[in-house]
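Chains as they are written, first to last, in this note's numbering: chain X, 25 to 297; chain F, 25 to 297; chain W, 25 to 297.
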């Protein structure tokens, strides 16, 4: 099933509108192209309604939010929702500052997202109204580990139910739940944390996967997580002496580009709890 | 002649002011350096007049336009025109939304561009006031093909005459016309469409080429198109197993960096109609 | 000592807030991760005070300044100063336009920076209130050379004393002075000038180095300069036929990623005058 989710992206070429940060935006565009989607970026309030109307999904990432782009997020979000588009929220840095936390909370209140994807500290902030965080990275003390896994799964499931959408919490172990089933995913490598924007890339790609698989949104979200982690494993296998995080970044996007449904199906490491 | 156009860029090191989108801006800067130009970016209305004054060319790309940057486009454009600088317009996404279309049209009305470069759907939007588009990509039904080539050439020539400038329509077959002659260019590879920003890169590079060759603007614009397409071919030749669109992006810019006038002269595939 | 400065970055993982340009921001983030720091970007006035509060250093780069980001620079700068954080200014393009020059001067007047890092033309502009410049590159006639070295060292020392902070002037020969000692550094390669943003990357990395070495700020700033130049040398050693400036960019960041204290100690080429 996960492999078919990827194949549907390549077949349907979903057009994804991204309101995202300027740090990692180029990688988000290239990974969307790599997986078979088509990216478009726009964050001017007067432009976003038109742009989102021609798309199938909207990826809202608050990584370098500003007042103009916040206005654009709400305007595009409302329009996308009217049109029944897939809506994804990436609450980058929620918990690190009041504007980020409040913006993410208000977006959740005013829009019905299909997916919320973040690290554990960001998602805890949204769930509890407060959280610890280390900038845009998760706080180590929040991390989902083999030891606290069942509590983590319960948290993901509860928050998904509360938010009425799929929740994807990514880290060393990834959790993807719709409030009932919970995918526990163990793809990926720790070195991915030394590249800026693998989370942002995943959010863009996940929007494409969910958009291209409207009848299997949970599987599609889980497939995107597995694809990203597996690309991290495949890309690492191509690293040579002297290579570092910049080359690794390229190798991960390259691995997405070359990934087939079969490769994903075979390489995905998950259980469903 | 095309080879000399490239050599003139390397000799004259034209300083190019870019008001461009934040998705592909880094690649635009690196490709400008690769071809021998020197890039500078600024999109604050209070800064652009000073910045454009010290440059030789101005590249206006509306890919992630906003109200501030639109104001900057007009302010910089007026100043660049007063100073007789080369002016290029890249109407990214014209046809995909009213703000983009209207901004491109107004820029054309108020400024006399030396070159307008876009995909066929964007250029049709500017020519006819409306167009079909697939986000920032051309609509397949608009594409210039061997079958409809003579109509495409006629369209390019007519629009160039109407707009009073060089028009470059890029796609599988590229057309570059000043209203009289029309270069029909067959360099490039389809895989270039899987990299974000090859069009934006071309616009930046074309501004440098035209700026460095003031007495041969049409040849310079065509040379830039051939150089980009040829770099796509050369870069593809360096691709190894496991490489994908991210590595391909690097290889294309690398190929521009290593291109000589002689390589360009030998590799350019064009006819003049 | 320089090697220990790098090791302290890897040990302390300083969180660096960057208000920087959108051209090179992704490379700044990746080089910060490569050296062992942790980057966060924010330029919205309502967000920056919170964000900078959780960081240890603030890197202000005016490369694509706008009115919003200028307001954010002052707000974040004041807060960072209250908290005793490391403050670095990169006056990109000072001398190229009044807004850039005036903003850099006002920032210096209202904030007490720990380090100012720029090319010789930018620093001369700050020192003398006017300067020649070629866009964002130094004017050749300003360059520090073996012939005018003692005058350059004197200038660096005098300006550091006047500004009350460390001054790093980078070019073919780099000078880093706190008003007393002056490091004269001869690492690096001329081809680094064909990559956009090596200066921006250095500023980000230098903020991390100084933040992680509060008792040895001058040595830390010099260590960052040596590390960047040495990475340029190591990266160049990995270049293969067909590689150009885009691959070179990756190789430099990779070399930072793989650099140890010992490699830096052995490869640093400097004298202290």
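Every residue gets a Cβ at the ideal spot worked out from N, C-alpha and C, and that includes glycine.
Closest by CA to residue 140 of chain F, which one among F:107, F:288 and F:180? Here residue 140 of chain F refers to the residue found at position 116 of the second chain. Closest by alpha carbon: F:180.
Between which two residues does the beta strand (DSSP E) holding residue 41 of chain X run? Mapped onto the first chain, residue 41 of chain X falls at position 17. Segment 39-43, the beta strand (DSSP E) holding residue 41 of chain X.
Taking residue 120 of chain F as the query, report the chain X residues whose CB atoms sit under 8 angstroms from its CB, ordered along the chain. Mapped onto the second chain, residue 120 of chain F falls at position 96. Within 8 angstroms Cβ-Cβ: 64, 74, 75 and 78.
Under 8 angstroms by Cβ, that's how I've got residue 76 of chain W and residue 103 of chain W pegged, so tell me the actual separation to the nearest angstrom. The residue labelled residue 76 of chain W in the question sits at position 52 within the third chain. The residue labelled residue 103 of chain W in the question sits at position 79 within the third chain. With 8 angstroms as the limit, residue 76 of chain W and residue 103 of chain W qualify as a contact, their Cβ atoms being about 5 angstroms apart.
Compare the C-alpha of residue 284 of chain X against each of X:44, X:48 and X:60 and name the closest. Within the first chain, the letter at position 260 stands for residue 284 of chain X. When each option's Cα is compared against that of residue 284 of chain X, the closest is X:60.
In whole angstroms, what is the alpha-carbon distance linking residue 273 of chain F and residue 49 of chain F? Counted from its first residue, the second chain places residue 273 of chain F at position 249. Counted from its first residue, the second chain places residue 49 of chain F at position 25. Residue 273 of chain F and residue 49 of chain F: Cα-Cα distance of roughly 13 angstroms.
Can you find a CB in chain X that lies within less than 9 angstroms of the CB of residue 279 of chain W? Here the question's residue 279 of chain W lines up with position 255 in the third chain. Yes, residue 279 of chain W counts as interfacial toward chain X.
Given 8 angstroms as the limit, is there contact between the stretch 205-220 of chain X and the stretch 245-258 of chain X, that is, 3 or more CB pairs closer than that? Contact between the stretch 205-220 of chain X and the stretch 245-258 of chain X is present, because at least three Cβ pairs lie under 8 angstroms.
Report the residue from W:58, W:52, W:46 and W:64 whose alpha carbon sits nearest the alpha carbon of residue 39 of chain W. Taking the first residue of the third chain as 1, we reach residue 39 of chain W at position 15. W:64 is the residue among W:58, W:52, W:46 and W:64 whose C-alpha sits nearest the C-alpha of residue 39 of chain W.
Under 8 angstroms between beta-carbons, which chain F residues line up against residue 32 of chain X? List them in chain order, please. Counting from one through the first chain, the residue named residue 32 of chain X turns up at place 8. Result: empty, since nearest Cβ-Cβ is about 18 angstroms, beyond 8 angstroms.
I want to see whether chain X comes within less than 9 angstroms of residue 70 of chain W, judged by CB atoms only; does it? Your numbering for residue 70 of chain W matches position 46 in the third chain. For residue 70 of chain W, the answer is yes, since a Cβ of chain X falls inside 9 angstroms of its Cβ.
Give the single residue among X:231, X:277, X:278 and X:247 whose Cα lies nearest to the Cα of residue 44 of chain X. For the purposes of this step, residue 44 of chain X is identified with residue 20 of the first chain, where counting begins at 1. The option with the nearest alpha carbon to residue 44 of chain X is X:231.
For residue 48 of chain X, would you say it is in contact with chain W, using Cβ-to-Cβ distances shorter than 9 angstroms as the test? In the first chain, counting from the first residue as 1, residue 48 of chain X sits at position 24. With its beta carbon less than 9 angstroms from one in chain W, residue 48 of chain X belongs to the interface.
Name the DSSP bridge partner or partners of residue 18 of chain W? Lying before the first or after the last residue shown, residue 18 of chain W is absent from chain W, which here runs from 25 to 297.
List the endpoints of the continuous beta strand (DSSP E) containing residue 83 of chain W. The sequence position of residue 83 of chain W within the third chain is 59, counting from 1. Unbroken beta strand (DSSP E) run through residue 83 of chain W: 81-85.
For residue 287 of chain F, report the span of its beta strand (DSSP E) as first-last. If you number the second chain from 1, residue 287 of chain F lands on position 263. Residue 287 of chain F -> not in any beta strand (DSSP E); alpha helix (DSSP H) instead, spanning 285-291.
Report yes or no: is there a C-beta of chain X within less than 9 angstroms of the C-beta of residue 67 of chain W? For the purposes of this step, residue 67 of chain W is taken as residue 43 along the third chain, with counting starting at 1. By the rule that beta-carbons nearer than 9 angstroms mark a contact, residue 67 of chain W touches chain X.
Please confirm if residue 258 of chain X has its CB atom under 9 angstroms from at least one CB of chain F. Taking the first residue of the first chain as 1, we reach residue 258 of chain X at position 234. Yes, residue 258 of chain X counts as interfacial toward chain F.
Residue 160 of chain F touches chain X at which residues, Cβ-Cβ below 9 angstroms? Counted from its first residue, the second chain places residue 160 of chain F at position 136. Those within 9 angstroms of residue 160 of chain F in chain X are 62, 63, 64 and 65.
Kindly list, in the order they appear in chain X, the residues whose Cβ is closer than 9 angstroms to that of residue 240 of chain W. Along the third chain, read from residue 1 onward, the residue named residue 240 of chain W stands at position 216. Neighbours of residue 240 of chain W across chain X, judged by C-beta separation under 9 angstroms, do not exist; the nearest C-beta is about 25 angstroms away.
If you follow the alpha helix (DSSP H) that residue 8 of chain F is part of, which residue opens it and which one closes it? Because chain F here runs from 25 to 297, residue 8 of chain F falls outside it and cannot be looked at.
Using the rule of at least 16 other Cβ atoms within 10 Å of the residue's Cβ for burial, across every protein chain shown, is residue 25 of chain X buried or exposed? In the first chain, the residue the question calls residue 25 of chain X occupies position 1. Counting of Cβ neighbours within 10 angstroms places residue 25 of chain X among the exposed residues, the total staying below 16.
Anticipated Cβ contact below 8 angstroms, residue 143 of chain X with residue 112 of chain X, distance rounded: Sequence index remark: in the first chain, residue 143 of chain X carries index 119 (1-based). Sequence index remark: in the first chain, residue 112 of chain X carries index 88 (1-based). A Cβ-Cβ distance of about 15 angstroms is found for the pair residue 143 of chain X and residue 112 of chain X, leaving them out of contact under the 8 angstroms criterion.
On a Cα-Cα basis, can you pick out the residue from X:27, X:173, X:80 and X:92 that is closest to residue 37 of chain X? Residue 37 of chain X sits at position 13 when you count from the first residue of the first chain. Of the listed residues, the one whose Cα sits closest to residue 37 of chain X is X:80.
Give the range of the alpha helix (DSSP H) segment to which residue 63 of chain W is assigned. Counting from 1 along the third chain, the entry for residue 63 of chain W is found at position 39. Here residue 63 of chain W belongs to no alpha helix (DSSP H); instead the beta strand (DSSP E) covers 62-65.
Whole angstroms are fine: how far does the CA of residue 41 of chain F sit from the CA of residue 185 of chain F? As a first step, residue 185 of chain F is located in the second chain; it is residue number 161 there, counting from the start. As a first step, residue 41 of chain F is located in the second chain; it is residue number 17 there, counting from the start. Roughly 26 angstroms separates the two Cα atoms.
Interfacial residues, the stretch 217-229 of chain F to chain X, with Cβ spacing under 9 angstroms: Within the stretch 217-229 of chain F, the residues whose Cβ lies closer than 9 angstroms to some Cβ of chain X are 217, 218, 219, 220 and 221, listed in chain order.
Is there at least one Cβ from chain W nearer than 9 angstroms to residue 269 of chain X's Cβ? The residue labelled residue 269 of chain X in the question sits at position 245 within the first chain. Closer than 9 angstroms: yes.
In three-state DSSP terms, what is residue 160 of chain X? The residue you call residue 160 of chain X lines up with position 136 of the first chain. Collapsing the DSSP output to three states places residue 160 of chain X in coil.
Taking buried to mean at least 16 other C-beta atoms within 10 Å of its own C-beta, is residue 117 of chain W buried or exposed? To locate residue 117 of chain W, count along the third chain from 1; it is residue 93. The Cβ neighbour count for residue 117 of chain W, taken over all protein chains shown within 10 Å, is at least 16; the residue is labelled buried.
Within-9 angstroms CB hit, residue 194 of chain F to chain X: Locating residue 194 of chain F in the second chain gives position 170, counting from the first residue. At a cut-off of 9 angstroms between beta-carbon atoms, residue 194 of chain F makes no contact with chain X.
Across which residues does DSSP place residue 206 of chain F in a beta bridge pair? Within the second chain, numbered from 1, the residue matching residue 206 of chain F stands at position 182. Note: residue 206 of chain F sits in a beta bridge opposite F:201.
Just the C-alpha distance for residue 270 of chain F and residue 229 of chain X, rounded to the nearest angstrom, thanks. As a working note, residue 270 of chain F is residue 246 in the second chain. As a working note, residue 229 of chain X is residue 205 in the first chain. So the two alpha carbons sit approximately 15 angstroms from each other.
Any residues in the stretch 97-119 of chain F with a beta carbon nearer than 9 angstroms to a beta carbon of chain W? Which ones, in chain order? Result list empty, no residue passes.
Where does residue 250 of chain X land, buried or exposed, given buried means 16+ other C-beta within 10 angstroms? Looking up residue 250 of chain X in the first chain gives position 226. Buried.
For chain F, is any of its Cβ atoms less than 9 angstroms away from the one on residue 273 of chain X? Translated into positions along the first chain, residue 273 of chain X becomes position 249. Output row for residue 273 of chain X: interface = yes.
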